[in-house]
């Protein structure tokens, strides 16, 4: 593959960046190049930021980071952050913070909220480390967790219900289906990101909807929460057609309180982010003609070195060049200048692209813009013009260098083994690619009640040692129709090893009204959440996360069709017929006057005695 | 009440007891005739697509144009691999997939059957659907070598170019897995076993990447070389292992798309020309039934069906004008249909017989045929049981059980009965081991209850009828009265006959290849003579046993077991049950004959029905060597999880042995 030549790359840059990382606390965690970038741009972390911001009352930031990935894909990370001081928030005095969400949070006494909408899979093998170290992504479908202030568990759950029902209306998602069976209270897997020194009695509740289809109707309310509402700024690029055509896409909303050291002046920070991996070739297709018709043969570059190359035989030539693209082509609409609400200064450089320095980038705009380069020129940032369109055009280019993709700390896959209607086993394979560091992590599994794990069959096996990797286990068994199983395991995986975690489970039989309309599809089990405890490379409170794919569990399903009804009816008739015939065969029918006179228990006893004596007499 | 009493009294009517053999024969005749009615229009239906989500042939297909040039290039690439070693070939195929930006992995596997180890390698690539969440997947398969051992050049090339082409689409809501198996049967078996983690990791490599639950699989078999070959029809192969079938909707979809959208006519069961006449339909059913009853793998798709993954193979046949692009478009359209599925295929039929590609008989219509035949055995079993309850007509002076004692069975013998046999033994020779003789009395004891009750019941009934009818005094001594049945010898023989073939089952499936012909010859010869020898041995050692009643009991148990097994089997593998039932029909009617000539003729007929000989004759008729059958059977047992041998050795063979043994007894009784 063409990549081989490019992997020599900017190793020097990497070292430098890792060094830079250590003293820049709170720098966003966006892979190596980006760490540097964010560190430089956001002026060393949010602590200082908070200080600055407390002087102002509220502010708004947005940033789009583009990074070409291998196999002609492009990672686009949108991040929008709006702050509101706690006092203003309490008084319902909203400026950048959306009122609709703020009131819900107040009503449900929610102190910290994390909401995720995700589709697709992050291909860690070719794309490397996850954006934000996985802290801003969720499992497939919808995932929600929140810290709720309440006096006791019951009150917390009532408020949680209020929260999910309100959010359900706000985001047009079936969040209201997060009921008691889909709610867990994680112990180790999540830590609050905000400062909660002022709050007491916080309850963490977590719910998932793995089968929720995330689509445009969820994006529209998401954009509405933004101050520029998708009309200007980087959010004007977000189009449902392209976003949901991405290979990987996740939308996140995080609300948390941020306080200064004394815990006095607090502000409420809302972080909205969208990460998507676009297939450049697929995204470039015009919206009115999205069908990938085979191109005319003249447009295909053939590999003429093949001996069989002829007019009718063409082996497609893969030059390995970076494909050409522009923002307008990729996102299907132009970038309509900067959002006027973004503050001036360094934070106004809202569009950054992370490519090798040799990559040609042309800017097309009629307005004024500014370009700055950081991290050995691997990051180029642009200050967008206000009120006029802005476009980046990258021509097709043969590259000699490439970016180093940071290695993910762990990779995990989960699958269901076995077959049949009664039992199965789930298997998670977790690999530690690092050759030096052991990784400690928490594995959280939230299973629906109809998937009953046998905990005694839980086996964790590491291929390099015989030592038990399990350090701590938390298990809360399911109660039928009331709550699901909740399993959390703290484990340590040695360097360069593979950990295999398996457990058997039993499939419950549901009542026939409990089956959904698409009963034969199977039932989704939520993705497992893996939180890496050490080494903590992210350096902030967001943590490092990783999620597996959801599972499709096939339960024994009755045949809800006409033949099934026929069988039931026939069986009933047969049973009735059988009962009658059986009675006729085994019972003796006599008239009332013919019946033996001495009835009752006494009669039976006498009869038995008579029989016994008769038998003895005979013998 | 009167009606019931009459009905109950009818049980003891001598005329009624003559009915079962005729009834049994009638059921067999009806059962066979039933099958011949199926091809008629009134008893079969046109196929229809039941699952609305499939929407077959509703999409435009775009595979064509420059893709054809690329396909030809891939075919050249594949053709160049023909002489390569397996690891090199796998590596090259992996590279070809990787150029299309797919996740690629390979799997080594080795199987041992008949002491011959076959090892090969599967290569597969996963296209992660942009709208999929890794919960569902559909599989496109091309075996490197097809069932006729030809290299599947164009099939493999088609899978490679489809992989490249599918990758461009953004509409996949399921993952698409492209699988190139090392061979047609074991390769896909190894892959699908490993996919469900049901494999032996010692010989079969685990899969390094997986996707979600498999929803369907389509295999292409198109062995045309670099110059291509224009074909006439698509042959849709659908038989799974152990006679399991894919959902009819999948076949309908394929037939519908090939015929309606591409104009390719499809055919099934090697019926290259099908005039839709009664004869052709019957022949199709017959071929389908033979294939189903053998339960062997008929293509790369077969292994999938065992895991409830609906799968078919599309094989190009004949000389016509359809080219590789129309096959590609058919595959494209089928995959678009499968991609539409919201649920696993479940709407349509899983049990059916196809008369042609667009006509079928469902289980409700055809099942009675095999069930009637199975029922004929059960009826005869009951008849024999009733018959065995009758005391022997002529009291045999040498019998171990003195008849007068038995007919007056009113006498309860609870404890003294244990002494009875030893005290009344006429000669020690009859009974070499006293322990062996102990079971019968205990069993007799259990049996004792029934005769004891029955007469009393009779008397009671008669007293109730007293007012209407004069009670006949001699009911108790009427020939219909049951007496204790001698169960020990029949059960002992039955168990011997049923457990001995376990040894054969083991040897045939495990012996090395070179010893198989000798083993088969030995089994054929020995099994033909064994009943004769055994009957002689028993007659010689016991002089008079087995008595007529013991023979009846032996036959009764044997037929009961046969009927039970066949009726159960009929619901799972109709064809196997039907054919085994058919071959066993005479066993209901055999009994020891009193002349050498008659016994000889009868034994000859039964010997011809020996499963071993029938299998050999069947193989010869089908034009396959018996060795091939044995090798395939052993492979089936070791690799595919084939159960046909179990039915042959543990159901059919014991039934035959019992029948042959009964007939052979006639020789020693003949005067």
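Chains as they are written, first to last, in our numbering: chain W, 1250 to 1868; chain Y, 227 to 897.
The C-beta atom is built at its ideal place from N, Cα and C for all residues, glycine as well.
Residue of the options minimising C-alpha distance to residue i
i: residue 1715 of chain W; options: W:1747, W:1817, W:1622, W:1786; result: W:1747
i: residue 1371 of chain W; options: W:1662, W:1427, W:1705; result: W:1662
i: residue 1335 of chain W; options: W:1525, W:1572, W:1587, W:1509; result: W:1509
i: residue 540 of chain Y; options: Y:337, Y:355, Y:385, Y:521; result: Y:385
i: residue 1520 of chain W; options: W:1779, W:1592, W:1490, W:1365; result: W:1365
i: residue 1376 of chain W; options: W:1321, W:1856, W:1543; result: W:1321
i: residue 1337 of chain W; options: W:1389, W:1517, W:1769, W:1466; result: W:1517
i: residue 1673 of chain W; options: W:1555, W:1800, W:1573, W:1720; result: W:1800
i: residue 1379 of chain W; options: W:1639, W:1464, W:1324; result: W:1324
i: residue 1701 of chain W; options: W:1671, W:1720, W:1678; result: W:1671
i: residue 1401 of chain W; options: W:1822, W:1703, W:1454; result: W:1454
i: residue 305 of chain Y; options: Y:742, Y:426, Y:380; result: Y:380
i: residue 1613 of chain W; options: W:1724, W:1585, W:1598; result: W:1585
i: residue 812 of chain Y; options: Y:606, Y:768, Y:895; result: Y:606
Proximal residues of chain Y, C-beta to C-beta of residue i below 8 Å
i: residue 1668 of chain W; result: 422, 424, 533, 534
i: residue 1555 of chain W; result: 299, 302
i: residue 1679 of chain W; result: Going along chain Y, no residue has its Cβ under 8 Å from residue 1679 of chain W, so there is no contact; the nearest lies around 14 Å.
i: residue 1561 of chain W; result: 294, 295, 298
i: residue 1798 of chain W; result: 359, 360, 361, 438
i: residue 1801 of chain W; result: 361, 362, 438, 439
For residue j and residue i, believed in contact at Cβ under 8 Å, the rounded distance
i: residue 1242 of chain W; j: residue 1606 of chain W; result: The structure shown does not extend to residue 1242 of chain W, since chain W is modelled only from 1250 to 1868, so the question has no answer here.
i: residue 367 of chain Y; j: residue 405 of chain Y; result: 5 Å
i: residue 391 of chain Y; j: residue 293 of chain Y; result: 6 Å
i: residue 1683 of chain W; j: residue 1744 of chain W; result: 5 Å
i: residue 1498 of chain W; j: residue 1525 of chain W; result: 4 Å
i: residue 401 of chain Y; j: residue 470 of chain Y; result: Contact doesn't hold; Cβ gap of about 24 Å is too wide.
i: residue 260 of chain Y; j: residue 594 of chain Y; result: 6 Å
Close-in-space but distant-in-sequence residues of the same chain around residue i (CB under 6 Å, 5 per side omitted)
i: residue 265 of chain Y; result: 504, 507, 508, 581
i: residue 459 of chain Y; result: 491, 493, 543, 544
i: residue 869 of chain Y; result: 468
i: residue 513 of chain Y; result: 495
i: residue 348 of chain Y; result: 333, 407, 408, 413, 417
i: residue 1302 of chain W; result: Confidence in residue 1302 of chain W is poor, its pLDDT being 42 and thus under 50, which makes the residue's placement too unreliable to answer from.
i: residue 1424 of chain W; result: 1413, 1416, 1417
i: residue 669 of chain Y; result: Reliability of the predicted coordinates at residue 669 of chain Y is poor, the pLDDT of 40 falling under 50, and the value obtained from them is presented with this limitation in mind. So the list reads 713, once near-sequence residues are dropped.
i: residue 322 of chain Y; result: 386
Nonlocal neighbours in the same chain, by C-beta distance under 7 Å from residue i, ignoring five residues either side
i: residue 1399 of chain W; result: 1358, 1405, 1408, 1450, 1452
i: residue 887 of chain Y; result: 757, 760, 761
i: residue 1759 of chain W; result: 1699, 1804
Interface partners of residue i on chain W, CB under 9 Å
i: residue 594 of chain Y; result: Those within 9 Å of residue 594 of chain Y in chain W number zero; the least Cβ separation is about 14 Å.
Where residue i meets chain W, residues with beta-carbon distance less than 7 Å
i: residue 290 of chain Y; result: 1543
i: residue 568 of chain Y; result: 1767, 1770
Sequence-distant residues of its chain with Cβ nearer than 8 Å to residue i (five each side left out)
i: residue 1476 of chain W; result: 1309, 1331, 1345, 1588, 1590
i: residue 374 of chain Y; result: 449
Per-residue contacts from residue i into chain Y (C-beta, under 7 Å)
i: residue 1750 of chain W; result: Chain Y residues near residue 1750 of chain W: none, gap ~14 Å exceeds 7 Å.
i: residue 1369 of chain W; result: 356
Partners in chain Y for residue i, counting only beta-carbon separations shorter than 9 Å
i: residue 1829 of chain W; result: The premise fails here: residue 1829 of chain W is roughly 12 Å from chain Y at the closest Cβ pair, so nothing lies under 9 Å.
key: Continuous beta strand (DSSP E) assignments of at least 3 residues falling wholly in the segment 1571-1640 of chain W   = 1600-1603, 1611-1614, 1619-1623, 1628-1632
request  = At 4 residues or longer, and completely inside the segment 824-880 of chain Y: list those alpha helix (DSSP H) runs for me, N to C.
outcome  = 837-848, 852-861, 870-873
request  = Any chance you could list the beta strand (DSSP E) runs of at least 3 consecutive residues sitting entirely within the segment 758-790 of chain Y, in chain order?
outcome  = Given a length threshold of 3 residues, the segment 758-790 of chain Y has no whole run of the beta strand (DSSP E) inside it.
inquiry  = Give the list of continuous beta strand (DSSP E) stretches no shorter than 3 residues that lie fully inside the segment 520-571 of chain Y.
reply    = Qualifying beta strand (DSSP E) stretches, in chain order: 537-548.
key: Entirely enclosed alpha helix (DSSP H) segments - the segment 452-523 of chain Y, minimum 4 residues   = 474-482, 504-520
task = Report the residue ranges of all alpha helix (DSSP H) runs contained in full by the segment 334-410 of chain Y; include only those spanning at least 4 residues, in chain order.
result = 379-393
Segments of 3+ residues assigned as beta strand (DSSP E) that fall wholly inside the segment 1520-1544 of chain W = none
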